[in-house]
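Visitor:
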Amino acid sequence: MSFLNFVEGPLFTFAAAVFVLAALWRLIGIIRIGRTKDISPPKGSAAVGFIKGNLRHFIPRGIFAKRTMVHLVGGYGFHLGLFVLVFFGVYHIDFLNERILGFSWPALPRWAFLLTSAIAFSGLIMLWVRRISDPVMRLISDKDDHIGSWLTFLVMLSGCFALEQAHDSLRATHMLLVDIWLIYFPFSRLMHGFTFFLSRGQSGATYGRKGIDL
Amino acid sequence: MTSKAEIAVEKFLEKTDSEAASFFEACVHCGICAEACQFHLATGDPKYTPTYKLRPMERAYKREKAPFSSLKKMLGLAPKPVTEEELIEWGPLVYDSCNMCARCTLVCPMGIDIAGTISKMRAGYEAAGLAPEGLERSVEFVKKTTSPMGVTIKALSAQIKHQEKATGLKIEVDKQGADYMCTFSSSEIMGYPEVLGAYAKLFDRAGVSWTISSVAYEATNVGVQIGSASLAKEIVTRVVESAEALGVKAVISPECGHAYGAIRFAGPNLMGRQYKFEVVHIIEVIDQLRREGKLPAGKKDARKMTLHDPCQIVRRGGLLKEPRRLLDDSCSNFTEMKYAGKANFCCGGGGGVSANERAEELRTEAFSLKVDQLNGVDGLEAVVVPCANCRSVFEDGLDAYEMDLEVLGLAELVAETLAEPDEKQG
Chain A
28 MSFLNFVEGP LFTFAAAVFV LAALWRLIGI IRIGRTKDIS PPKGSAAVGF IKGNLRHFIP
88 RGIFAKRTMV HLVGGYGFHL GLFVLVFFGV YHIDFLNERI LGFSWPALPR WAFLLTSAIA
148 FSGLIMLWVR RISDPVMRLI SDKDDHIGSW LTFLVMLSGC FALEQAHDSL RATHMLLVDI
208 WLIYFPFSRL MHGFTFFLSR GQSGATYGRK GIDL
Chain B
16 MTSKAEIAVE KFLEKTDSEA ASFFEACVHC GICAEACQFH LATGDPKYTP TYKLRPMERA
76 YKREKAPFSS LKKMLGLAPK PVTEEELIEW GPLVYDSCNM CARCTLVCPM GIDIAGTISK
136 MRAGYEAAGL APEGLERSVE FVKKTTSPMG VTIKALSAQI KHQEKATGLK IEVDKQGADY
196 MCTFSSSEIM GYPEVLGAYA KLFDRAGVSW TISSVAYEAT NVGVQIGSAS LAKEIVTRVV
256 ESAEALGVKA VISPECGHAY GAIRFAGPNL MGRQYKFEVV HIIEVIDQLR REGKLPAGKK
316 DARKMTLHDP CQIVRRGGLL KEPRRLLDDS CSNFTEMKYA GKANFCCGGG GGVSANERAE
376 ELRTEAFSLK VDQLNGVDGL EAVVVPCANC RSVFEDGLDA YEMDLEVLGL AELVAETLAE
436 PDEKQG
């Protein structure tokens, strides 16, 4: 078995299994802690608050927009860019079609893929530069924040190198990094990709029950 | 012997429910919350970043309770244990520089309720005996007199007599079957007793009956501020039992920020049951009576006024429109300040900060943002502050910044601008 076959085959299966099982374990673990039932007479709906809380925090409030512009541009650029690259890159669609899903969908044209890559890279770099230069972010950041950023950066960079499909070794490097990323994800702060809905939802529910839209 | 750190950590873990856990799990250390925090904005010091204030509790959770914590501990990857020295170092971040205003939740992309989590964290500090002296002193006063300022029923009775004389209206104490039982904060009773007269005038005009309990007149809940569930329960129970014994239809929470949340939302959970009466905020009551036509507005005050939004009443209490409707009716020159409404800045003294002597200098620095807001309204003559605690912080702050501005309560303003019985509505 070649190294490429190994990282795309058994190692990928293992990494994907760890990703799914550990992420589920962590999410269920958080929910299972539970919370005491609120018996105060409600002024609004907790369920509606849960949904509203999730939607509301997608949109930054105008008064803070100027002060948080770097996060706003970098954050949206990176996250949306990464989402588009992962799910609309032609090689990703082919990989998912052949290995997992058995169906495909239209991919981005090459120029759009490159443009999206540039946006995603710029966003990620902006956020990381902010992390090492802003006194607030420097104080509150830890190793996990940096490992998560660098690992994601390396996955994206190796993906760009593998784009031409010129050498198997470049594709294998990309896949190895993807496998490491998948294994690291559920044990790290990268899990915010899933935990955000719990956090926004729980505070939305708490305030929503009190008739407050925060 | 159990150490203070162990006691605090045990309480942190007990208080970390799935809500707090989801906050700790979702925070990405983006630091955006700092851009909303009054203490960070006023000082520029990164240590006042709201999420950083939670660090010891977050560490305790990630070491002892989070999913995979055992695995991480086994591999030596778990965070270090929380120490007493660290808790002491963090004390000023937990008590002095968080007024539990929740402005940071507005800006947090994860919607993390840092104010609510600070409240849970304070429970650990209180259990370990690490709460600030100023707040502990308030607790002693409450135990002796029911009031954090030591206001006795004798002192209240004297104020009632003065107000009866000033208004010519009877203020009844312990009246059975009244519509409303009103509670007050100590600073209102001692600092702004005109509010008693204002209530008398408003309720007399609206034709509703009201009373004050001789044992449960105090609304301030120091237990909530300091993080003591047992004390918070004791204070709520006193009000609830008195109201139920008097058979009132509703208890009115005064123009005091945290008191409303303490009795309206925390109270039933602390007591483990619902009440036999309703809890309403005085602003809600006045607004409703006005809309029912029972409190017709008269000649408006022509001074240029603005409104301060007390965090616990507006951002965390949901009463956003009511004070504005009342002010529009009472003032012909009402102008909003910058950031008015949900995103308004705290006075700087909420969440027990005003009772914490250690925080005095920082509180005054934080008030500089409020000064900027007030200076941003040209020709301002008065500011309406519908919270007694905010009001005294305003008076101290305006004095410190040498500003000459009248500070008014909302109920008093509405009472002063009521239509005379034969006057046409203004």
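Respectively, the protein sequence lines represent chains A and B. Position in the first sequence counted from 1, then plus 27, gives you this note's numbering. Position in the second sequence counted from 1, then plus 15, gives you this note's numbering. We put the beta carbon where it would ideally sit given N, CA and C, even for glycine. Remember, predicted model here, so these are calculated numbers, not experimental data.
1. Spatial neighbours of Asp-195(A) within its chain, please: C-beta separation below 6 Å, excluding the five flanking residues on both sides.
2. Any idea which residues DSSP pairs Val-294(B) with across the strands?
3. Buried or exposed: Trp-132(A), going by 16 or more other Cβ atoms within 10 Å of its Cβ?
4. Please tell me whether Gly-235(A) and Gly-80(A) are closer than 8 Å, where the distance is taken between their beta carbons.
5. With 9 Å as the limit, tell me which residues of the region 49–79 of chain A have their beta carbon closer than that to any beta carbon of chain B; keep them in chain order.
6. Among all the DSSP beta bridges, which residues are the ones paired with Lys-319(B)?
7. Measure from the alpha carbon of Val-239(B) to the alpha carbon of each residue in Lys-77(B), Phe-39(B), Gln-327(B), then state which is nearest.
8. I'd like the list of long-range same chain contacts for Arg-384(B), defined as Cβ closer than 7 Å, with 5 residues on each side in sequence excluded.
9. Taking the beta strand (DSSP E) that Ala-397(B) belongs to, which residues open and close that run?
10. Under 9 Å Cβ-Cβ, which residues of chain D neighbour Gln-303(B)?
11. Measuring from the CB of Leu-341(B), is there a heavy atom of the ligand ZN at a distance below 7 Å?
12. Report the neighbours of Glu-359(B) on chain A: residues whose CB is nearer than 8 Å to its CB, in chain order.
13. Does the distance from the C-beta atom of Lys-70(A) to that of Gly-220(A) stay below 8 Å?
14. Can at least three beta-carbon pairs, one atom from the region 259–268 of chain B and one from the region 287–300 of chain B, be found at a separation below 8 Å?
15. Please state whether DSSP places Phe-199(B) in a helix, a strand or coil.
16. Please work out which residues of its chain come closer than 7 Å, Cβ to Cβ, to Cys-48(B), disregarding the five sequence neighbours upstream and downstream, and give them in chain order.
17. Determine, using beta carbons only, whether Cys-326(B) comes closer than 8 Å to chain A.
18. How would you write the range of the alpha helix (DSSP H) that Leu-423(B) sits in, first residue to last?
19. In terms of DSSP beta bridges, what is Thr-5(B) paired with?
20. Could you check if Ile-55(A) is buried or exposed, using at least 16 other CB atoms within 10 Å of its CB as the buried criterion?
21. Please report the straight-line C-alpha distance between Val-221(B) and Ala-41(B), rounded to a whole angstrom.
22. Could you tell me which whole alpha helix (DSSP H) segments of length 4 or greater appear in the region 325–372 of chain B?
23. If we count Cβ pairs, one from each stretch, closer than 8 Å, do we get three or more for the region 241–251 of chain B versus the region 195–212 of chain B?
24. Check the C-beta distance from Met-352(B) over to Gly-391(B) and give it rounded, since I have them as a contact under 8 Å.
25. Could you tell me which whole alpha helix (DSSP H) segments of length 4 or greater appear in the region 184–222 of chain A?
26. May I ask you to report which of helix, strand or coil DSSP gives Val-43(B)?
27. What residues match up with Glu-256(B) in a beta bridge as DSSP calls it?
28. Hey, would you say Pro-107(B) sits closer than 8 Å to Pro-162(A), going by beta carbons?
29. List, in chain order, every chain B residue whose beta-carbon is nearer than 8 Å to that of Gly-231(A).
30. Please determine, among Leu-90(B), Tyr-140(B), Asn-114(B), Gln-174(B), the residue with the shortest C-alpha to C-alpha distance to Leu-28(B).
31. Which chain B residues sit within Cβ distance under 8 Å of Phe-180(A)?
32. For a test of the three-state rule: what should DSSP assign to Leu-142(A), helix, strand or coil?
33. Would Thr-350(B) and Glu-233(B) qualify as a contact pair, given that the criterion is a beta-carbon distance under 8 Å?
34. Within a Cβ cutoff of 7 Å, which residues of the same chain sit near Ile-103(B), ignoring the five residues on either side of it in sequence?
35. Taking beta-carbon pairs under 9 Å, can you tell me which members of the region 270–285 of chain B lie near chain A?
36. List the residues of chain B that Gly-238(A) touches, going by C-beta distances under 8 Å, in chain order.
Guide: Quick look at the numbers:
1. Leu-31
2. Val-266(B)
3. exposed
4. yes
5. Ala-49, Trp-52, Arg-53, Leu-54, Ile-55, Gly-56, Ile-57, Ile-58, Arg-59, Ile-60, Gly-61, Arg-62, Thr-63, Lys-64, Asp-65, Ile-66, Ser-67, Pro-68, Lys-70, Gly-71
6. Asn-348(B)
7. Gln-327(B)
8. According to the sequence shown, residue 384(B) is Leu rather than Arg. Within the same chain, Leu-384(B) has close Cβ partners Gln-53, Leu-56, Ala-57, Phe-360.
9. 397–399
10. Protein chains in the displayed structure are A and B, and chain D is not among them.
11. Although the ligand ZN was asked about, the structure shown includes no ligands whatsoever.
12. A small fix is needed here, since residue 359(B) is Asn in this sequence, not Glu. By Cβ distance, chain A contributes nothing, its closest Cβ being about 10 Å from Asn-359(B), past 8 Å.
13. no
14. yes
15. strand
16. Thr-64, Pro-65, Thr-66, Cys-119, Val-122, Cys-123, Ile-129
17. no
18. Element bounds for Leu-423(B): not the alpha helix (DSSP H) but the beta strand (DSSP E), 421–423.
19. Summary: the structure shown does not reach residue 5(B), with chain B confined to residues 16 through 441, and so no result is reported for it.
20. Classification for Ile-55(A): exposed.
21. Reading off the sequence, residue 221(B) comes out as Ala, not Val. Spanning the two alpha carbons is a distance of roughly 50 Å.
22. 336–345
23. Segment contact: the region 241–251 of chain B against the region 195–212 of chain B, fewer than three CB-CB distances shorter than 8 Å; contact not assigned.
24. 6 Å
25. Taking only runs of at least 4 residues, the alpha helix (DSSP H) segments lying wholly in the region 184–222 of chain A are 195–211.
26. coil
27. Paired residue(s): none; Glu-256(B) is not in a bridge.
28. Cβ atoms of Pro-107(B) and Pro-162(A): not closer than 8 Å.
29. Within 8 Å of the CB of Gly-231(A), the CB atoms of chain B belong to Gly-126, in sequence order along the chain.
30. Tyr-140(B)
31. The contacting residues do not exist; Phe-180(A) stays about 16 Å from chain B at best.
32. helix
33. no
34. Cβ neighbours of Ile-103(B) beyond the five flanking positions: Leu-145.
35. Gly-276, Arg-279, Phe-280, Ala-281, Gly-282, Pro-283, Asn-284
36. Under the 8 Å cutoff, chain B gives Gly-333.
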